[in-house]
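Worksheet for the structure shown next.
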Amino acid sequence: MARTPHDLLRARVGAAVASAFGDDVEVPEPLVVPTTDPRHGDYTSPVAMGLARALGRAPHELAQRLADALEVSDLAEPPEVVRPGFVNLRLHPRWLARRVGELAGDGRLGVEPATAPTRVVVDYSGPNVAKAMHVGHLRSTIIGDSVANVAELLGHDVERVNHVGDWGTQFGMLIAHLDDVGYRGVEGRSASLAEIEDLYRAANARFAADDAFRQRARQRVVELQSGDPETHSAWRWLVALSMAENQAVYDLLGVHDLVVRGESTYQPMLAEVVADLEAAGLVVVDDGAKCVFVEGFTNAEGEPLPLIVQKADGGYNYDTTDLAALRSRAELGAGRVVYVVDAGQSQHFQMVFAVARMAGWLPDGVEATHLAFGLVLGEGGRRLRTRSGDSVRLVDLLDEAVQRARRFVVERAEERGEPVPADVDEVARVVGVGAVKYADLSQHRQSNYVLSFDRMLSLKGNTAPYLQYAYARIRSILREAGWADGLPGEPPAVTLDEPQELELAKRLVVTGDVVHRVAEDYLSNHLCTHLFEVAQTYHQFYEHCPVLRSPEPLRSSRLALCAVTAATLRLGLGLLGIEVLDRI
Ligand code: ARG
């Protein structure tokens, strides 16, 4: 049973509408919304505005009838009717106090499990073999991990899948080129990804210019597809080297449980996918290529745009692979498949989803969603580049954040005349990586943003370090009180007599709403805003309300507010994939 104020008020307003206007009126959404101006209470119901037209009465009159029928005395002050037709609701301090007391003993902080748990596949990261991960893959990894964390907290059966780009005709030319430069048969040796990228570039150039080479490259593709052992082992070598280097990024980011199921996984299924599309009468052969036309998709000239599922030379492509993957995921019982991939691939996914529906592989109850995201830009709004003009390696970017965080931690300790923490390296990793993740997740997912180390590591503003330091300070208060390992007994009675206590309590009781909203719209920036507001209202509270120096029972009441604040920050940051530390 949902217990956030919003859920409770919604239910009450729904009941009041039925009792005042009858069961058969259509209730206009939304029933209740949070107010933006505290003078109007905490929530307002615009329902009378929506009913006015349907019922042909003045909104104000309907709002009054609604207010009269509304039973909220246990959780809110008497409803207030305001023109033109709103019912404003202000939460009762007594209810808030009791609720905060409950949250102090609730590890979920009031986040209810989903009512219909399902199997959720989150497809994220997806780097390409023989190429360095780029910042787009970084965003995908950070966002995807958080999406998976949120779904998991809500009780879904979550599968984190890394759809690595480990297959395709490019391997033919790469392996043909490896032959010539003496890499073949030396699968034991190591090579950096940068070296492989150079080989790749060279192979590309030869493929464009040299007919004989092109022939050999094509031959290698055929051999790879038919499972020729030697070609296969060269391919495996490339995959292993690439993934080993990517693993360094995942380790630094603290991304675990991401299962590699690359494009190659679906190779055995591609012929059948195309055959089934043909059997369903969906395939049109155009210039030798097998195509599925999808209504509503056109190219720049306005001509119908097909999804090509098999090229004229018989080869399959990225689109075919994604069709096979989606079909297989649905067959394995996914209720929802979420793709965290840059906005540039929107059309690809819309078409893949549409074709999968046309083919009946994606039943109505199964949801497929493309979570598009914008670009990460360097300072000045240009593409992210190193000084020498090369693209930035992700490990280097993360290392820089960690180095800067280290300097920041040391300087801060020196400024305050405190010793540098003994575990400064660990602190630097948690703060530096946390800063990078938070800078990303606190932006609207679809926007581009400029990467700024100074901004993301600032203690002023909506940043990870600000929240991590707030958390550590609260933990030190709890330690001093002997509350660090949990409540000292029964949840304490909470009182909210000061306005700062009340404000903090109002933020603490809505975490459940915020997390559910993020689970629905996949916009983690709302969660960041919530955590930032919690930390800010906590600061106001801490400035005005002595905690450890207060007499009992006030001291315990305020410690409970501290404990719930710390737990909220830990839970929320955890959902974003960001760690906290007891001491910084
Ligand atoms: N390898 C792709 C890229 O780098 C991303 C893969 C995304 N996932 C998928 N199922 N297509 O653009």
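Once you know that position 472 of the sequence shown is 1651 in the numbering used here, the rest is easy, because the numbers rise by one and skip nothing. Just so you know, even glycine gets a beta-carbon here, dropped at the ideal spot from N, CA and C.
Cβ-Cβ distance between residue i and residue j below 8 Å
i       : j       : result
Leu1275 : Val1531 : no
Thr1747 : Leu1288 : yes
Val1279 : Leu1752 : no
Ala1607 : Arg1585 : yes
Ala1246 : Ala1237 : no
Val1629 : Glu1558 : yes
His1342 : Ala1504 : yes
Glu1546 : Arg1515 : yes
Ala1535 : Ala1580 : no
Val1300 : Val1340 : yes
Val1726 : Arg1686 : no
Gly1235 : Pro1207 : no
Ala1517 : Asp1302 : The sequence given here places Val at residue 1517; Ala does not occur at that position. Yes, the pair counts as a contact, with Cβ atoms nearer than the cut-off.
Inter-residue spacing [alpha-carbon to alpha-carbon] between residue i and residue j
i       : j       : result
Pro1184 : Leu1486 : 47 Å
Gln1489 : Glu1482 : 20 Å
Val1329 : Leu1431 : 21 Å
Ala1315 : Asp1761 : The residue asked about is misnamed: residue 1315 is Gly in this sequence, not Ala. Each residue's alpha carbon lies about 32 Å from the other.
Glu1442 : Asn1496 : 10 Å
Gly1334 : Met1352 : 46 Å
Trp1416 : Val1519 : 27 Å
Ala1533 : Asp1700 : 21 Å
Met1180 : Gly1201 : Its pLDDT being 49, under 50, Met1180 is placed unreliably in this model, and the coordinates cannot settle the point.
Pro1730 : Leu1666 : 18 Å
Val1673 : Arg1654 : 19 Å
Glu1659 : Ser1735 : 13 Å
Met1635 : Leu1357 : 42 Å
Leu1702 : Tyr1362 : 46 Å
Leu1541 : Leu1317 : 29 Å
Arg1154 : Gln1582 : This structure cannot speak to residue 1154, because the chain is shown only from 1180 to 1763.
Leu1738 : Asp1676 : 15 Å
Asp1324 : Leu1420 : 23 Å
Thr1499 : Gly1560 : 35 Å
Whole-angstrom C-beta distance between residue j and residue i, which should lie under 8 Å
i       : j       : result
Thr1768 : Ile1354 : Residue 1768 falls outside the range modelled here, since the chain spans only 1180 to 1763, and no answer is possible.
Tyr1222 : Leu1268 : 5 Å
Gln1679 : His1723 : 5 Å
Ser1626 : Gly1553 : 5 Å
Leu1249 : Val1211 : Wrong, their Cβ atoms sit about 11 Å apart, outside the cutoff.
Glu1424 : Leu1372 : 4 Å
Ala1522 : Ala1551 : 4 Å
Ala1538 : Leu1484 : With a Cβ gap of about 18 Å, Ala1538 and Leu1484 do not count as contacting.
Of the listed residues the options, nearest to residue i (C-alpha basis)
i       : options                            : result
Val1260 : Arg1277, Glu1240, Gly1289          : Glu1240
Glu1376 : Gln1349, Gln1394, Ala1396, His1549 : Gln1349
Gly1344 : Asn1478, Arg1395, Val1204, Val1418 : Val1418
Glu1669 : Pro1257, Gly1284, Glu1208          : Gly1284
Leu1437 : Glu1480, Val1326, Ser1371          : Val1326
Phe1632 : Leu1505, Ala1649, Val1612, Arg1232 : Val1612
His1271 : Pro1258, Gly1475, Leu1254          : Leu1254
Lys1616 : Val1401, Val1360, Leu1754, Asn1341 : Leu1754
Ala1459 : Met1448, Asp1466, Asp1465, Val1471 : Val1471
Leu1706 : Arg1262, Asp1575, Thr1716, Gly1691 : Gly1691
Gly1661 : Ala1742, Pro1644, Gly1475          : Ala1742
Ala1468 : Asn1478, Val1453, Ala1479, Gly1475 : Val1453
Residue i beta carbon near the ligand MG (any heavy atom closer than 7 Å)
i       : result
Val1434 : The ligand MG is not part of the structure shown, which contains the ligand ARG as its ligands.
Short CB-CB distance (under 8 Å) between residue i and chain C
i       : result
Ala1607 : Here there is only one protein chain, and chain C is not present.
Inset, instruction - Mind listing, in chain order, the continuous alpha helix (DSSP H) runs of no fewer than 4 residues lying wholly within the stretch 1619-1671? - result: 1632-1635, 1643-1659
Legend entry - Whole beta strand (DSSP E) elements within the stretch 1515-1568, 3-residue minimum: For the stretch 1515-1568, the continuous beta strand (DSSP E) assignments of 3+ residues that do not extend past its boundaries occur at 1515-1519, 1546-1550, in sequence order.
Legend entry - Contiguous alpha helix (DSSP H) assignments of at least 4 residues, all confined to the stretch 1186-1242: 1226-1234
Inset, instruction - Ignoring anything shorter than 4 residues or poking outside the stretch 1396-1456, list the alpha helix (DSSP H) runs there in chain order. - result: 1408-1432
Inset, instruction - With a floor of 3 residues, list each beta strand (DSSP E) that falls wholly inside the stretch 1289-1343, ordered by position along the chain. - result: Listed in chain order, they are 1298-1302, 1336-1341.
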